[in-house]
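Colleague:
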Amino acid sequence: MATVIRSAKSGSDWTTNELQAYNIDVQLEDVATFFGVAQLPPTTISQVILSHANLPALGLPNKADRIFFALLDDAMAIAPGEESAVDDFAAHLLSMLDYDAPGRHIRQHKDIPFFICGIASHAKTDVCVVNDAQGIILLVQEDKRYLERVDPEAQLIAEAIATFQDHNNRLRRAGLPTLQSRVVPGISMVGTAPTFYKVDVTVDLVRAIELGQYPAQVTTVHRFVPPVPRPLAMQQEGMRPLDNRRIMIQCFEALKQFVN
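In terms of the working numbering, the sequence shown opens at residue 2 and continues consecutively.
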């Protein structure tokens, strides 16, 4: 809305107010619309992960598999007053799914410069995948409403905008052509339950935010919720049930096409 007050908020302080203030619209989409495929792709993750709800009593020989079950337990058990292990779980799962292929690495709590309303601020992602040459190519934001009143969706969108802005600034300093637009993929996590996003960032949106102005053009954010068997229980169940786990991991596999 053009009449909404705009201020130099950090990415961590963004709410639905900022989405309205900068003409950002979030649209829920199905598998075909979001991923461009009729069905989710198969996963290459260990069959042990797909066939055991919990760590087998006799343990597992594979270290990555053992850590998956340990972090799954930790991420779903939130200690009062403490940040959960969701970031650790997300980072480990991304690594298991080869998001950190050669030329990429996974970071936690990376700070991103964010210039807004004429003020130098920042955004901070919980987990991100970094391309060694291009910078951040995937964002992950935990839902921390169990600790404080924050909006992970708005935070993730702010981080995507900051990522685009920072990347163009680095291109400009290097004397290289800047981008006019970019689709920034992201994931929000409620415990071990993911929601997937594609944020269409443009130079016009970034310029409006830098000046604290209302953009004439709407910015579309595409949102996808995994089609689990029990949608209303998804956040509570997370990846504990095997039927949920397979579908959610397939969604992680499908998102890879946008992570480049």
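Every residue gets a Cβ at the ideal spot worked out from N, C-alpha and C, and that includes glycine.
Determine the DSSP secondary structure at R241, reduced to helix, strand or coil.
Modeller: Residue mapping note: residue 241 aligns to position 240 of the sequence shown, counting from 1. If DSSP states are grouped into helix, strand and coil, R241 belongs with coil.
Colleague: If I'm right that L157 touches S189 with Cβ under 8 Å, what's the distance once you round it to whole angstroms?
Modeller: Along the sequence shown, read from residue 1 onward, the residue named residue 157 stands at position 156. Along the sequence shown, read from residue 1 onward, the residue named residue 189 stands at position 188. At roughly 5 Å, the Cβ-Cβ gap stays under 8 Å, so L157 and S189 are in contact.
Colleague: What is the DSSP secondary structure of I46, reduced to helix, strand or coil?
Modeller: What you label residue 46 is simply residue 45 of the sequence shown in a count that begins at 1. If DSSP states are grouped into helix, strand and coil, I46 belongs with coil.
Colleague: Scan the stretch 206 to 235 and note each continuous beta strand (DSSP E) run of 3 residues or more that stays entirely inside, going in chain order.
Modeller: Counting only runs of 3 or more, we get 220 to 225.
Colleague: Counting pairs of Cβ atoms below 8 Å between the stretch 16 to 30 and the stretch 128 to 142, do you hit three or more?
Modeller: No: fewer than three Cβ pairs fall under 8 Å.
Colleague: Using 10 angstroms around the beta-carbon of K64, count the other beta-carbons present and answer buried if the total reaches 16, otherwise exposed.
Modeller: Against the sequence shown, residue 64 aligns to sequence position 63. Per the 10 Å Cβ criterion, exposed.
Colleague: Relative to the C-alpha of P103, which residue among A58, Q21, N132 is closest?
Modeller: Numbered from its first residue, the sequence shown carries residue 103 at position 102. Of A58, Q21, N132, the residue nearest in Cα terms is N132.
Colleague: Over the uninterrupted beta strand (DSSP E) stretch that includes K199, give me the two end residues.
Modeller: Counting from one through the sequence shown, the residue named residue 199 turns up at place 198. Note, K199: beta strand (DSSP E), 194 to 203.
Colleague: Should D201 and T220 be called a contact, given that it needs their Cβ atoms to be closer than 8 Å?
Modeller: In the sequence shown, the residue the question calls residue 201 occupies position 200. In the sequence shown, the residue the question calls residue 220 occupies position 219. The answer is yes: Cβ separation under 8 Å.
Colleague: In chain order, what residues of the same chain have a beta carbon less than 8 Å from the beta carbon of H123, not counting five sequence neighbours either side?
Modeller: The count along the sequence shown starts at 1 and reaches residue 123 at position 122. Around H123: S11, G12, D112, I113, P114, F115, A163.
Colleague: Which of helix, strand or coil does DSSP assign to L18?
Modeller: Numbered from its first residue, the sequence shown carries residue 18 at position 17. This sequence places Asn at residue 18; Leu is not what is there. It is helical.
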